[in-house]
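In what follows, a structure is listed as structure tokens, so that the remarks can point back to it.
Chains as they are written, first to last, in my numbering: chain A, 1 to 403; chain H, 404 to 806.
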């Protein structure tokens with residue numbers, strides 16, 4: 001019997017009625033001839049409420065206790081879903097991360113999965129029952145409860161699908177799939193029916209918040225087909241699969257944007273080996289998550305280095321750059337909080353050299369200045385002013401006929 | 404270093420402010436020279452809220468999933484308390500029932516503790532840290548989460564105190580101790596500073612809802628001194644200890660009352676061996692929890708059997724009696740929902756034979772009719788009309804100079 005792993009996010013199990021709707025769908029999926037394993041997130045805003053409560057209690061929050069706290073929400077949703085399934089005559093058994101055998105390292109609040117034992121899940125499936133597993137959590141090699149960080153439930157689902165050899169991993173959410181652009185910005189954006197893992201990775205990395213980057217990487221590495229779909233309409237959504245050489249590749253698949261980062265430029269630094277290493281090691285030591293980095297070609301023995309960081313990390317980034325300014329021989333450190341990134345993504349880009357030129361022409365026609373450029377084989381990103389980015393998305397979506 | 408187990412009930416950790424107040428007290432206790440292990444209940448009405456949610460989701464509630472659901476509340480309160488302690492510079496480590504090694508049978512929703520391993524608790528105490536343990540829960544021999552039933556956190560605390568050889572088990576609650584009568588009924592009721600386990604058992608069994616019967620039995624059997632006190636005033640409360648032969652025993656310690664039961668009388672049943680057994684086996688088979696049983700002396704070969712049951716079990720009890728009526732040769736089955744029990748408790752009663760007479764005289768002087776009588780060595784209980792019971796409590800409290 002084919003096996004589906006179904007993951008339901010917080011809005012999908014937001015209240016008692018939603019939990020019953022999910023149970024109905026699980027029962028329907030079984031009637032359609034599938035074995036089902038379910039992964040659930042905490043209901044609605046449960047986890048946010050718990051974090052607020054913790055902030056009321058103490059500013060000191062040992063990570064081990066933080067994980068104990070925020071992992072309790074999934075226990076509630078999974079037990080309720082099992083009850084709803086039992087009410088429909090479907091035998092279901094809930095499992096915490098620990099009971100499911102999800103073994104992680106000891107890096108609390110952002111633990112990495114080291115191993116998935118899954119013996120009890122296999123036994124439960126063999127009995128024809130539905131295992132309902134708490135997403136987002138595991139048990140560490142020190143026997144403590146750990147959590148996998150934001151979006152960790154997606155990772156739980158993909159990991160279980162990989163270990164149990166599931167035929168697909170369905171990610172149920174409150175949108176109907178992955179779109180060619182953010183529908184709030186581009187009204188005629190359309191749902192993509194099928195994209196490659198590489199495209200999904202680029203979309204996730206550049207602003208499409210629908211799937212956690214890490215879970216997509218995990219799915220790609222373990223060849224787990226993903227199906228992103230809505231638990232409100234139950235319509236088929238977007239399949240994320242391995243690239244199929246035989247299929248004609250769209251030149252451009254999606255336009256994404258992201259206004260969560262700021263830009264820092266260090267000008268006039270000495271152009272010699274070790275300078276960039278010194279700067280980015282210092283940023284890493286302060287846990288700054290640097291994203292795009294652009295270094296211009298050296299002129300007169302000096303160069304400018306620009307990079308983007310999450311807006312929350314801007315202040316510490318400026319501090320690090322200023323402190324290193326003399327050592328780097330920099331003439332200035334300039335930052336800009338009012339920037340955004342617009343990206344074109346498409347597996348077919350590799351074989352269509354004209355994409356970059358069309359992108360730049362389109363932005364130029366709108367009078368939008370490009371501040372930084374960065375490319376990969378299947379992506380082109382431009383940093384532009386924040387107040388221009390939505391126009392840029394609309395124009396590019398139209399220019400590449402994505403509507 | 405002496406060890407105290409401190410148990411905090413739901414109102415004691417009802418909100419962020421209360422959690423911080425508890426942390427302050429734990430820190431103060433350590434400064435006073437004690438090692439401390441804490442057992443917590445779920446915050447305020449958390450467990451009731453979870454049960455309501457479950458009822459919204461499904462009428463079918465598999466006991467295993469029910470336990471998974473309702474055990475989540477303690478995880479929240481214990482993690483928050485550890486954070487509050489960390490904020491005060493006190494190292495604290497939370498443990499679920501499973502992590503604490505509380506092994507139970509598989510009787511979900513009312514599991515019995517089979518064993519307490521407690522290795523991690525001993526390690527934590529040896530490091531000078533405060534273990535904070537989830538009350539009310541354990542892990543079954545089938546590796547599933549179990550709960551110990553209402554009031555189970557008291558049992559958790561007493562069991563841990565016994566296993567770890569604690570010097571005392573402090574039960575913190577929202578009242579200041581055990582009283583000579585319910586202060587809402589008797590304004591001059593006074594707090595008892597010291598009572599015996601046997602007295603506490605009778606008080607718990609006859610209406611004093613302050614401690615769960617089971618936890619007192621456990622404390623008595625394992626010689627764990629209990630200290631029932633308030634987490635709002637932090638004043639010393641009531642010690643529950645082994646009877647001390649040297650101390651003068653009060654004739655009457657407390658007057659309790661309870662209006663939660665109803666009375667059933669089966670009249671004119673044949674007075675021959677096996678009749679009572681037949682009746683009470685049938686009631687037990689329907690899970691009716693029979694409390695007092697009184698059978699009158701046989702007159703003309705027949706007798707009347709009266710018993711009390713929780714009001715919620717009255718309907719099924721009547722049904723069982725009616726069904727057995729012919730077999731028992733009964734002439735009628737009569738029930739009364741408007742009854743209550745008033746009890747006198749005192750270890751000194753054993754050696755003061757006049758107590759019973761004084762009790763009956765006191766009730767007679769108030770014109771209160773006695774419906775049923777039942778006694779133990781340290782208790783006398785009378786069933787009276789519900790609307791007379793508070794007057795009975797007040798008169799008895801005065802008659803035995805308990806004010």
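All residues carry an ideal CB built from backbone N, CA and C; glycine is no exception. Small disclaimer: the values here were computed from a predicted structure and weren't measured.
If you look at residue 481 of chain H, you'll find it in the alpha helix (DSSP H) that goes 475 to 490.
If you look at residue 260 of chain A, you'll find it isn't in any alpha helix (DSSP H); DSSP assigns it neither H nor E.
The DSSP-derived three-state label of residue 498 of chain H is strand.
A Cβ of chain A is located within less than 7 Å of the beta carbon of residue 464 of chain H. Under a criterion of Cβ atoms nearer than 7 Å, the residues of chain H adjacent to residue 56 of chain A are, in order, 419.
Collapsing the DSSP output to three states places residue 573 of chain H in a strand. Under the three-state reduction of DSSP output, residue 609 of chain H falls in the coil class, being neither helix nor strand. Think of a sphere of 9 Å around the beta carbon of residue 99 of chain A: the chain H residues whose beta carbon falls inside it are 546, 547, 548, in chain order. In the three-state scheme derived from DSSP, where H, G and I count as helix and E and B as strand, residue 275 of chain A is classed as helix. In this chain, residue 762 of chain H is not harboured by any beta strand (DSSP E); it is covered by the alpha helix (DSSP H) spanning 758 to 768.
The contact set of residue 485 of chain H on chain A, defined by CB atoms closer than 7 Å, consists of 62, 65 in chain order. Minimum Cα-Cα distance from residue 272 of chain A among the listed residues A:253, A:289, A:297, A:286 corresponds to A:297.
Beta-bridge annotation (DSSP): residue 385 of chain A is paired with A:339. Residue contact check for residue 250 of chain A against chain H: no CB pair falls below 7 Å.
For residue 759 of chain H, same chain residues with a beta-carbon under 6 Å away, outside a window of 5 residues either side, are 783 in chain order. Residue pairing from DSSP leaves residue 464 of chain H without any beta-bridge partner. Here the C-alpha atom of residue 733 of chain H lies approximately 9 Å from the C-alpha atom of residue 707 of chain H. Under the 10 Å beta carbon count, residue 555 of chain H is surrounded by 16 or more other beta carbons and is classified as buried. Under DSSP, the beta-bridge partners assigned to residue 713 of chain H are H:664. Residue pairing from DSSP places residue 735 of chain H in a beta bridge opposite H:670. Rounded to whole angstroms, residue 116 of chain A and residue 656 of chain H show a C-alpha spacing of 59 Å.
Excluding residues up to 5 positions away in sequence, 81, 84, 85, 87, 88, 90 lie with their Cβ nearer than 8 Å to the Cβ of residue 23 of chain A in the same chain. Rounded to whole angstroms, the Cβ separation of residue 12 of chain A and residue 174 of chain A is 7 Å, and the two are in contact under 8 Å. The beta carbon of residue 230 of chain A sits closer than 8 Å to those of 172, 173, 174, 175, 176, 177, 237, all from its chain and outside the five residues before and after it, given in chain order. Residue-level contact check: residue 479 of chain H touches chain A, since one or more beta carbons of chain A fall below 7 Å from its beta carbon. Here residue 541 of chain H is bridged, per DSSP, to H:549. One finds 460 in chain H with Cβ atoms closer than 7 Å to the Cβ of residue 19 of chain A, taken in chain order.
Excluding sequence positions up to five before and after residue 513 of chain H, its CB lies within less than 8 Å of the CB of 550, 551, 552, all in the same chain and listed in chain order. Annotation: residue 1 of chain A to residue 208 of chain A spans about 34 Å, alpha carbon to alpha carbon.
Shown in chain order are the members of the stretch 546 to 578 of chain H whose Cβ falls below 9 Å from a Cβ of chain A: 546, 547, 548.
Contact check for residue 714 of chain H against residue 665 of chain H passes: the beta carbons are separated by less than 7 Å.
For residue 543 of chain H, the nearest beta carbon of chain A is not closer than 7 Å to its own beta carbon.
Closest by C-alpha distance to residue 521 of chain H, out of H:481, H:569, H:477, is H:569. Scanning H:501, H:515, H:631, H:591 for the CA closest to the CA of residue 523 of chain H turns up H:501.
Within chain H, the C-beta atoms nearer than 7 Å to that of residue 72 of chain A come from 475, 478, 479, in chain order. For residue 9 of chain A, none of the residues of chain H pass the 7 Å Cβ criterion, the least Cβ distance being about 18 Å.
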